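Everything below concerns the one structure shown next.
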Amino acid sequence: MKRLAAIALCLLTSPSLAARPAERRLAWESMPSAVSEALHALRQTDHWLAAAMAENLDGERQGRDNATGRSFNFDPARHLLYSTHDLNGDGRPEVFLLFPWPYVRGNREARGVVMVRTRHDEWRIGCDFSDWGDEGPRGGIRLSESRSHGWRNFRTSDAVYAWRPVPGQAGSLECWPARTIRLQRHGTNSPSPAAAETVRSR
Amino acid sequence: MAALSPSAVPSREALRAFARDYRTVGGSRDRAAGADKADCVVTVGAYTRTRNGNPEQVSGYQRSNPNCGDDSPENGVVLARDGAAPRSAPSERRPAAPARAWEGQPNQSWREQIAAEETRRNDGDFGYGMRGQPGSSALGRYQLLRDPLIDAGWRDRISGAWSARARSAGVTSDAEFLANPAAQEAAMNDVMRRNEDQLRANGAMRFAGQQVPGLSGGPVSITASGLAAAAHREGAGAVRRYLDHRAANSPPPPSVRGRGDLSSFNEIERRLRAFADAPYQTVRR
C-alpha cells in the first residue's frame, strides 16, 4: 500500500505531468473554409482545370517524386494560390483560385477562376482569368473602385474584368474581360498599378 | 533597346579555344570579320565546321569580341554594346560563361528555335542575361518561369530560393543564373525532361506521327519536337487538351479577350507547325 502511494506521488509530481504555467497551445491551421469549398466546387464541374486535377500522371504511387523531380499530379500545396474578397457586399467572400501549375501553365501566365456563390449558397464559376500570380509586382488581383451591377470590378495582369448578367440565368452575374491589357512577354509594357487596391495572394 | 549584360572578359586561352573550335572545313574562310580590339561585336558569317568528325552548317551571327576591353579589364569596366553607356563590372567575377553554351547540348537546333521564340536574341549574350517583362519571373535565354524551375527541382516553392541542385550548378541567385549559360542549359534539360515525361504520362506523345485538323485550316503534323515546343510554352496539359479537341474536330473555342482557350490553342498549333521539322531526340535520363 505504501509502495502504491509512493508511485502515485511520484507520478503527480513528475515534471511531465505537472501543469506548466508557461505552456502555449499551438492551434492547428487549415485552408480557409471558403477557399476549400470553392476548390471543391470547382472540382465537381466539367471545367478543364477540374479535368486536369482529376488526372493521375503519377502511376500507382500517387504523389511520390519521380525520376525528374516532384510528383506530376495536382497538389494544392504547390499548385494553388488563392485570394478572397467580398465583391458584392453580401458578407460572404468570393474566391479567386489561381493555378501556377506548370502542367497547365507552361512558361506563361497562370490560369485561374473566380468562384462566386448563388443566392442559395451554391458555388459556381464567375469567369476564367490569367495572372502572373506571386511572381512579381504585376501579379495579384487589383480591386477597382468602380462597380458593375453592384459588384466590384477587378484587374489581373491580363485584363480589367467587369460584371454582367448571365444570359438566360436571372439574377446571375459573370465576370468578363472588359478591357485587355496588352502584354509584351519580353518588353516593358507595364500598366500602371495606380489607383487600384491589391488583394495579396496567399 | 538591347539589354546590356555584363560578362566576364575571356582570357587569351579562351580566344585561342574559340579560334580552334571554329575551324572551317574545305578552306572556307568567311566566318569572322572585324575582330579588332576596338570592335566590341564581331560579325561572324555563315560557315561550316567540324563537330565530332561531322561537317555542320552554322548560320551567321554576331558575338562579343573577346578582345574588346582587352586594355581595361583590370579597371572594372565592361564596354557597352549597341551604343549604351559603359557601366561598372560587378565586383565578383562571374563564372566562366561559354558564349554559345547550347552547342553540344541535346537538341541543339531545337533549342536555338526555342530561344528565337522566347528571347529573339541572336547576338551579344544570346539572351542568357535577359529577364522577362516586369511582373514575370521569366529568366534567361529560354525565359524559364519560377514554377517550372520549382517543379524541376531548381527552386523552392515557398521561399523561391535556389535549391541544392541549382547551387551545385553554381547558382544561388537570379543574377547568378542569368550570368551562367551552362546552368541555364542544365536547367533547360531538366525542364525538358519534365515536359516530356508529362507528355508521355498524359498520352500526348502517342499522337506523334499523326495529323490533326488545324484550327486555322489544313492538317497539323504532330511530332515530338512540336509537342515539346508547345509544352514548353503552354504546358503538357494544355497540349493534350488541344490534341483531344482537334482529334474530335470540335468547333473552335469562343474568342474572348484575355487568355482564353482559343489563344492557348492557337499558340500550341503555331508551335506544332513551326517545330514540326526540327530534329528532336528524347532527353530522358
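Protein chains in written order, with the working numbering: chain L, 56 to 257; chain C, 138 to 422. Here a beta-carbon is modelled for each residue, glycine too, at the ideal position from N, C-alpha and C. As the structure is a computational prediction, the values presented were derived from the model and not from experiment.
Runs of beta strand (DSSP E) lying entirely within the region 129 to 155 of chain L, each at least 3 residues, in chain order: 136 to 140, 149 to 154
Beta-carbon proximity of Ser300/C to Gly307/C, cut-off 8 angstroms: no
Under the three-state DSSP convention, the category Val221/L falls into: coil
Three-way DSSP call (helix, strand, coil) for Met170/L in this model: strand
Alpha-carbon spacing of Asn244/C relative to Pro416/C, whole angstroms: 7 angstroms
Proximity of Ser138/L and Ile196/L at Cβ, strictly below 8 angstroms: yes
Residues within the region 301 to 332 of chain C neighbouring chain L, beta-carbon criterion of under 7 angstroms: Asp327, Arg330, Arg331
Proximal chain C residues relative to Asp101/L, where beta-carbon distance stays under 7 angstroms: None at all; the shortest Cβ gap to chain C is about 13 angstroms.
Nearest candidate by alpha-carbon position, reference Pro87/L, set Phe151/L, Ile236/L, Ser212/L: Phe151/L
Contact with chain L by Leu380/C, beta-carbon distance below 8 angstroms: no
Any chain C beta carbon closer than 8 angstroms to Leu112/L: yes
Within-8 angstroms CB hit, Glu371/C to chain L: yes
Below-8 angstroms beta-carbon distance, Ala209/L vs any chain C residue: Before going on, a small fix: residue 209/L reads as Phe here, not Ala. So no, Phe209/L is outside the interface.
Phe209/L in three-state terms, based on DSSP: strand
Between the CA atoms of Ala96/L and Ser305/C - distance to the nearest angstrom: 43 angstroms
C-alpha gap between Glu255/C and Asn162/L, whole angstroms: 10 angstroms
Other residues of its chain near Gln250/C: CB distance less than 7 angstroms, five sequence neighbours each side excluded: Phe412, Ala415
The region 363 to 383 of chain C contacting the region 154 to 171 of chain L, beta-carbon criterion three pairs below 8 angstroms: yes
Chain C contact for Arg163/L (CB, 8 angstroms cutoff): yes
Pick from Arg248/C, Arg292/C, Asp260/C that is closest to Val420/C, judged by C-alpha positions: Arg248/C
The region 131 to 148 of chain L touching the region 195 to 209 of chain L, judged by at least three CB pairs closer than 8 angstroms: yes
CB-CB length for Leu364/C against Val376/C, believed under 8 angstroms: 6 angstroms
For Val357/C and Arg408/C, believed in contact at Cβ under 8 angstroms, the rounded distance: About 10 angstroms separates the two Cβ atoms, so there is no contact after all.
Of the residues Leu136/L, Glu115/L, Glu190/L, Ala77/L, the one placed nearest Ser91/L, counting alpha carbons only: Leu136/L
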